[in-house]
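Chemist: Note that UniProt numbering has the sequence shown beginning at 1, numbered continuously upward.
Quick reminder that beta carbons are idealized off the backbone N, C-alpha and C, glycines included.
Questions regarding the structure given below will be posed in turn.
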Amino acid sequence: MSFHTIKHLRTSLLRSPYASYKMTASIPNGVRALSSRASQVLKAAGLPTDGSIIPGVYDGAWGGSGEIIETLCPTTGEVIGRVQTATPEETRSAIAKAVEAGRAVRAMPGPKRGEVMRKVRVALDEKIGAIGDLISLEMGKIKSEGKGEVQEFVDICDHAVGLSRSIQGRVLPSEREDHVIYEIPNPLGTVGILSAFNFPVAVYGWNFAIAFVTGNSTIWKPSPTTPLCAIAVTKIVQKVLEDSGLPGAAASLVTGDIDVGKNLVASTDLPLISFTGSERVGREVGKNVMERFGKTILELGGNNCAIVDKDADLSQALQGVLFAAVGTCGQRCTSTRRLLLHKDIAKPFLEKFLQFYDSATPETTLAMGDPLNAKTLIGPLHSEVSVQNYERAIEGVLARGGELLTKRSGRMAAPANWDDASGGNWVWPVVMRPKEGDQCWQEEVFAPVLYVAEFETLEDAIRLNNNVPQGLSSSLFTKDLQSMGKWLGPEGSDCGIVNVNVGSSGAEIGAAFGGNKSTGWGRESGGDAWKQYVRWSAATVNYGSKLPLAQGVSFGF
């Protein structure tokens, strides 16, 4: 793959597992020493700090002989790891080993699989601070969010433990005498997991925990920009599996570029592909898996909307919208991209809201700075490509007659008094008022860019909420019960997540997570999401001595 091809992929496939990264054929001479900040985090996570090449393939043993990817710290720009990726042959071999390991997983009784998940939960909890800091270092989200992401994995393990003793089919009455009908779930086999950079641990956790407890092995291809998180987590899971008498290949890992992902998507040995990423790539993944009649769980774009009605608690709404808009520097799939304000409260709400944006410095309320500093609320964007997309979005809205409402926009050299961060991907969060009907309303920008408009009636706001291709998350702030009922009902939001007096981001694991329309219709995590990880059989059992036919059919006997 040429450098120009990689550069094109970086620009066009942001947030997919094929997102931006730097790839080299070998380690250059004179490798710069890691900063003490990075070294401490890597050491705590069990990763090397001496610049050595890290194996990026796990199939029961660690290896990899493909090209080397350099992972960059989005805060400082320094190279924090060099990972040897999988070749196509190694990817196919890892799939085969994961499939073989799946035999041992499905042979284990469900409650015993639950006990393994309990051990994974304990092991993760013991390393929650170390892995959380690694997420902050490699992905760029703030310290509490990094830890919170590992907590999501811990929580879904708890859910899986309970599920291990409650997975159930159904017993149905038969119209035929001495007959009974069962609907029976059985494991699929091996699940391919392709995750994105913005949640480098939690999305894998959702999929691994539920896939494993339903009797499946997994093979994981993380984003090329967050391989260290994947390697550290796989080491934790590997040890638990092996200590439990299971092959480590039941949780296989392959790092690499688009070719590695394509091998997983094309493999008929993987009946289910769970893909988190862009709509563009997700559309291709869906087509390719469907061509071989496989199953998909697609978690794609989320052009999410928050509506603040005239009777809302404005203080509550301000807090909810603010975190959803700038949390993770606008890089959650559930981040608020569109804000609709009732015309009667738009002016006072915006005046207060913009004060937070215009004070986003290390010394003020909405502090920007080192994600590893517990006081920081906004870190950097994940990559240079993310910065370019941010700049392009702002320039486009302004060129089409839109208005910038915040005092500052564009790149930051670095947060104040922190020269070491001058190589990071720092930008100012912005609020804009595009023209009505501007194309920007239809597109997700994976950055802290918030578009604002006003409305007169709730019906108008719901129409605007629904009038986009995506359908992931949505929020309505109101005190009116009738408005709540309309919002939650058949004429309300058409999204997979429909919140009331809660921001669009920050979902818990208890309910199924996912979106509708071009978000992909996939569901992961809690609720009934487990039903996608099994194959279903309808079984009719005759325990009598006669053989009657259904629907009263007679066949001469």
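(1) Suppose the cutoff is 7 Å on Cβ atoms and the five residues either side in sequence are ignored; what does the same chain contact list for V201 look like?
(2) Secondary structure at M484, three-state DSSP: helix, strand or coil?
(3) I need the straight-line Cα distance from A461 to V265, nearest angstrom please.
(4) Using the rule of at least 16 other Cβ atoms within 10 Å of the residue's Cβ for burial, across every protein chain shown, is F557 buried or exposed?
(5) How long is the line joining the alpha carbons of R103 and G245, rounded to whole angstroms?
(6) Counting Cβ pairs closer than 8 Å, one from the region 344-352 and one from the region 523-539, do we hit at least three?
(7) Let's see if you can read the secondary structure: which residues bound the beta strand (DSSP E) around F455?
(8) Looking at C-beta atoms only, is the number of pairs between the region 386-405 and the region 169-178 that lie closer than 8 Å three or more?
(9) Can you tell me whether V116 is buried or exposed? The criterion is at least 16 other CB atoms within 10 Å of its CB, across all chains shown.
(10) So what does DSSP say about V534, is it helix, strand or coil?
(11) May I ask you to list the residues that DSSP assigns as paired with F275?
(12) Count the other CB atoms, across all protein chains shown, that sit within 10 Å of the CB of A250; report buried if there are 16 or more and exposed otherwise.
(13) Rounded to the nearest angstrom, what separates A539 and Y58 at their Cα positions?
(14) Excluding the 5 residues preceding and the 5 following M412 in the sequence, name in chain order all residues of the same chain whose CB lies nearer than 7 Å to its CB.
(15) In the DSSP assignment, what are the bridge partners of S475?
(16) With a Cβ-Cβ cutoff of 9 Å, do W441 and R280 count as a contact?
(17) With DSSP as the reference, label F356 as helix, strand or coil.
(18) Please work out which residues of its chain come closer than 7 Å, Cβ to Cβ, to L458, disregarding the five sequence neighbours upstream and downstream, and give them in chain order.
(19) Within a Cβ cutoff of 7 Å, which residues of the same chain sit near Q316, ignoring the five residues on either side of it in sequence?
(20) Go to R82, then tell me how far its beta strand (DSSP E) extends in each direction, as first and last residue.
(21) Looking at the structure shown, is F212 part of a helix, part of a strand, or coil, going by DSSP?
(22) Quick one: is T268 buried, meaning 16 or more other Cβ sit within 10 Å of its Cβ, or exposed?
(23) Please state whether the Cβ-Cβ distance between I80 and I68 is less than 9 Å.
(24) Which residue's Cα is closest to the Cα of I193: G51, M290, L272 and G506?
(25) Say whether the region 177-193 touches the region 69-76, bearing in mind that this needs 3 or more beta-carbon pairs closer than 8 Å, one atom from each stretch.
(26) Over the uninterrupted alpha helix (DSSP H) stretch that includes M432, give me the two end residues.
(27) On the three-state DSSP scale, how would you describe H159?
(28) Take every Cβ of the region 510-524, pair it with every Cβ of the region 297-306, and state whether three or more of those distances are shorter than 8 Å.
(29) When you compare each of V285, D243 and K239 to G261 by their alpha carbons, which one comes out closest?
(30) I'd like to confirm the pairing. Which residues does DSSP put opposite residue 561 in its beta bridges?
(31) Compute the Euclidean distance between the alpha carbons of R139 and P224, then round it to the nearest angstrom.
(32) If we ignore side chains and look at the alpha-carbon of each, how far apart do A25 and A86 end up?
(33) Across the region 32-43 and the region 382-392, are there enough close Cβ pairs to call them in contact, namely three or more that are closer than 8 Å?
(34) Could you name the residues of the same chain whose beta carbon sits closer than 7 Å to that of K119, not counting the 5 residues immediately before and after it, in chain order?
(35) Using 10 angstroms around the beta-carbon of N186, count the other beta-carbons present and answer buried if the total reaches 16, otherwise exposed.
(36) For residue 558, which residues in the same chain have their Cβ closer than 8 Å to its Cβ, ignoring the five residues on either side in sequence?
Modeler: Taking the structure as given:
(1) I131, I135, E149, V150, F153, C229 and V233
(2) helix
(3) Whole-angstrom Cα-Cα distance: 39 Å.
(4) exposed
(5) 13 Å
(6) no
(7) V449 to F455
(8) Segments in contact, no.
(9) buried
(10) strand
(11) L194 and L298
(12) By the 16-neighbour rule on beta-carbons within 10 angstroms, A250 is buried.
(13) 38 Å
(14) W426, V427 and W428
(15) A306 and N499
(16) no
(17) Helix at F356.
(18) Here the set comprises D309, S483 and K486.
(19) F477 and N501
(20) Judged by DSSP secondary structure, R82 falls within the beta strand (DSSP E) whose first and last residues are V79 to Q84.
(21) helix
(22) Exposed.
(23) With contacts defined by Cβ atoms closer than 9 Å, I80 and I68 do not form a contacting pair.
(24) For I193, the nearest C-alpha among the options comes from L272.
(25) No contact exists between the region 177-193 and the region 69-76.
(26) That residue, M432, is in no alpha helix (DSSP H); its beta strand (DSSP E) goes V430 to R433.
(27) helix
(28) By the C-beta criterion, the region 510-524 is judged to be in contact with the region 297-306, since at least 3 inter-stretch pairs fall below 8 Å.
(29) V285
(30) For residue 561 there is no data in the structure shown, the boundaries of the chain being 1 and 557.
(31) With the sequence shown as reference, residue 139 is identified as Met, and Arg is not the correct amino acid for it. Near 11 Å, if we compare the C-alpha coordinates of P224 and M139.
(32) Note on A25: pLDDT 47, under 50, position unreliable in the model; the coordinate value appears next. Using only the alpha carbons, I get a separation of about 13 Å.
(33) no
(34) V240 and S244
(35) exposed
(36) The question about residue 558 has no answer, for the chain in this structure spans 1 to 557.
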